[in-house]
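Structure, as structure tokens:
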Amino acid sequence: MKSSVRGRWLAAAVLLAVLRIQAQGANEVLRLDPALDQIVSTDTRVERLVGGFGFVEGPVWVRQGGYLLFSDIPANVINKWTPDGNLSVFLKPSGFTGSDPSDVGSQNNNGQAVVTLIGSNGVTLDRQGRVVFCAHGDRDVVRIEKDGKRTVLADRFEGKRLNSPNDLVFKSDGALYFTDPSAGLRKRDDDPKKELPFNGVYLLKDGKLQLLEKTFATPNGIAFAPGEKYLYVNDTTRKLIMRYELRPNDTIANGKVFIDMSADKAPGVPDGMKVDQKGNIYCTGPGGFWIMSPEGKHLGTVRTPELPANLTFGDADGKTLYLTARTGLYRIRLKLAGIRP
96 MKSSVRGRWL AAAVLLAVLR IQAQGANEVL RLDPALDQIV STDTRVERLV
146 GGFGFVEGPV WVRQGGYLLF SDIPANVINK WTPDGNLSVF LKPSGFTGSD
196 PSDVGSQNNN GQAVVTLIGS NGVTLDRQGR VVFCAHGDRD VVRIEKDGKR
246 TVLADRFEGK RLNSPNDLVF KSDGALYFTD PSAGLRKRDD DPKKELPFNG
296 VYLLKDGKLQ LLEKTFATPN GIAFAPGEKY LYVNDTTRKL IMRYELRPND
346 TIANGKVFID MSADKAPGVP DGMKVDQKGN IYCTGPGGFW IMSPEGKHLG
396 TVRTPELPAN LTFGDADGKT LYLTARTGLY RIRLKLAGIR P
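Numbering (our numbering), first residue to last: 96 to 436.
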């Protein structure tokens with residue numbers, strides 16, 4: 096009897112030790128270049144803020160008010176989180192306003208269960224501080240007016256419905272850039288409801304929608320370099336980041352591969368992407384999120400407890416990176432401030 100009890104206690108102790116090791120391994124920084132020390136402190140850790148979500152995405156920090164907005168795509172909601180720990184619903188429904196979601200949205204695994212992605216995805220702010228987001232289920236880009244009404248900014252290109260807008264970024268002149276993969280369609284590229292023969296990157300300016308690029312397999316994260324000299328767009332399927340030069344008329348040119356993640360076989364893909372004020376790029380990827388220099392050198396990877404899907408800079412000083420990672424919301428303090436709306 097005593098031997099059996101001791102055996103159970105020993106097994107429990109071993110399991111606890113393994114879990115601690117796993118937790119530490121999933122919350123560490125892989126340092127590949129000394130330059131990373133100027134960005135991420137040696138004692139920094141990823142902090143879990145709240146969990147229990149379906150699949151979280153699209154975080155954005157609202158400076159006027161000091162809070163974070165982020166999408167829970169399966170729940171069809173945009174949540175609001177404040178630094179005192181309060182969590183509330185900001186908008187519901189978000190990305191799907193129809194009545195029958197039975198064949199709407201793609202399915203994905205959040206690490207615990209298979210969920211259906213019907214709601215909003217990427218969220219940002221325009222120059223007037225209005226919330227603008229990509230709607231998976233409704234297949235459009237939407238702005239929330241100050242009175243709460245919805246304005247559809249884009250839902251069709253040359254008369255055909257968009258696939259499922261994913262992520263977006265405003266240029267300082269008000270031009271809006273967004274990606275439109277098929278990831279929000281139930282059967283993705285093979286979905287019979289897909290009307291466009293490509294997955295595009297678009298420019299919306301002065302009410303006119305212009306196709307910038309259609310060679311991506313799955314265009315996803317999108318961000319500007321400081322000074323808006325370059326536009327970065329990543330491809331989730333091909334696991335790479337492209338860099339384009341910005342022309343004076345807001346179109347893009349001379350695209351080239353900025354970094355290729357395909358050799359890293361760890362779980363995780365390029366998805367959400369942001370840039371700090373020094374030009375370093377932060378992008379979800381194999382193993383967590385990658386930090387890259389403006390020259391395209393991989394400086395290191397921050398490993399996270401759950402695989403992140405997106406990230407954004409927040410807090411008053413802009414030096415906190417908030418992460419939406421499967422079922423949880425996380426944050427990490429950095430030494431540099433980021434570019435934000």
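Beta carbons: idealized from backbone N, C-alpha and C, even for Gly.
How is residue i classed by DSSP in three states: helix, strand or coil?
{"i": "residue 117", "result": "Note on residue 117: pLDDT 40, under 50, position unreliable in the model; the coordinate value appears next. Helix."}
{"i": "residue 223", "result": "coil"}
{"i": "residue 266", "result": "coil"}
{"i": "residue 142", "result": "strand"}
{"i": "residue 133", "result": "helix"}
{"i": "residue 321", "result": "helix"}
{"i": "residue 284", "result": "helix"}
{"i": "residue 436", "result": "coil"}
{"i": "residue 199", "result": "coil"}
{"i": "residue 155", "result": "strand"}
{"i": "residue 359", "result": "coil"}
{"i": "residue 205", "result": "coil"}
{"i": "residue 108", "result": "With a pLDDT of 44 at residue 108, under the threshold of 50, the modelled position of this residue cannot be trusted, and the question is left open."}
{"i": "residue 173", "result": "strand"}
{"i": "residue 89", "result": "No answer is possible for residue 89: the residues shown for the chain start at 96 and end at 436."}
Are the CB atoms of residue i and residue j nearer to each other than 7 Å?
{"i": "residue 353", "j": "residue 338", "result": "yes"}
{"i": "residue 154", "j": "residue 419", "result": "yes"}
{"i": "residue 163", "j": "residue 409", "result": "yes"}
{"i": "residue 449", "j": "residue 367", "result": "Since the displayed the chain opens at 96 and closes at 436, residue 449 lies outside it and no answer follows."}
{"i": "residue 361", "j": "residue 382", "result": "yes"}
{"i": "residue 298", "j": "residue 272", "result": "yes"}
Going by CA-CA distance only, name the one from the options that's closest to residue i.
{"i": "residue 407", "options": "400, 427, 399", "result": "427"}
{"i": "residue 160", "options": "224, 324, 148", "result": "224"}
{"i": "residue 387", "options": "260, 369, 403, 402", "result": "369"}
{"i": "residue 379", "options": "143, 209, 336", "result": "336"}
{"i": "residue 357", "options": "366, 333, 340, 377", "result": "333"}
{"i": "residue 303", "options": "251, 328, 359", "result": "251"}
{"i": "residue 401", "options": "126, 127, 142", "result": "142"}
{"i": "residue 374", "options": "345, 381, 349, 433", "result": "433"}
{"i": "residue 214", "options": "166, 289, 365", "result": "166"}
{"i": "residue 258", "options": "226, 201, 377", "result": "201"}
{"i": "residue 180", "options": "429, 144, 186", "result": "144"}
{"i": "residue 327", "options": "183, 287, 377, 244", "result": "377"}
{"i": "residue 196", "options": "306, 176, 211", "result": "211"}
{"i": "residue 436", "options": "325, 359, 139, 227", "result": "227"}
Quick one: is residue i near chain C, going by C-beta distance under 7 Å?
{"i": "residue 365", "result": "In the structure shown, chain C cannot be found, because there is only a single protein chain."}
How close, in whole Å, do the beta carbons of residue i and residue j come, if the pair is a contact with beta carbons under 8 Å?
{"i": "residue 421", "j": "residue 125", "result": "The pair is not a contact, with the Cβ atoms about 20 Å apart (cut-off 8 Å)."}
{"i": "residue 290", "j": "residue 347", "result": "Contact flag wrong, Cβ pair sits at about 24 Å."}
{"i": "residue 193", "j": "residue 199", "result": "7 Å"}
{"i": "residue 365", "j": "residue 316", "result": "6 Å"}
{"i": "residue 275", "j": "residue 260", "result": "5 Å"}
Check: Can we say the segment 123-134 touches the segment 389-409, given the rule of at least three CB pairs closer than 8 Å?
Finding: yes
Next item on the list: Determine, using beta-carbon pairs with one atom in the segment 222-235 and one in the segment 270-283, whether at least three such pairs fall under 8 Å.
Entry: yes
Check: When the Cβ atoms of the segment 142-152 are set against those of the segment 165-183, are three or more pairs found closer than 8 Å?
Finding: yes
Notebook entry, point to check: Does the pairing of the segment 264-276 with the segment 208-226 give three or more beta-carbon distances under 8 Å?
Noted result: yes
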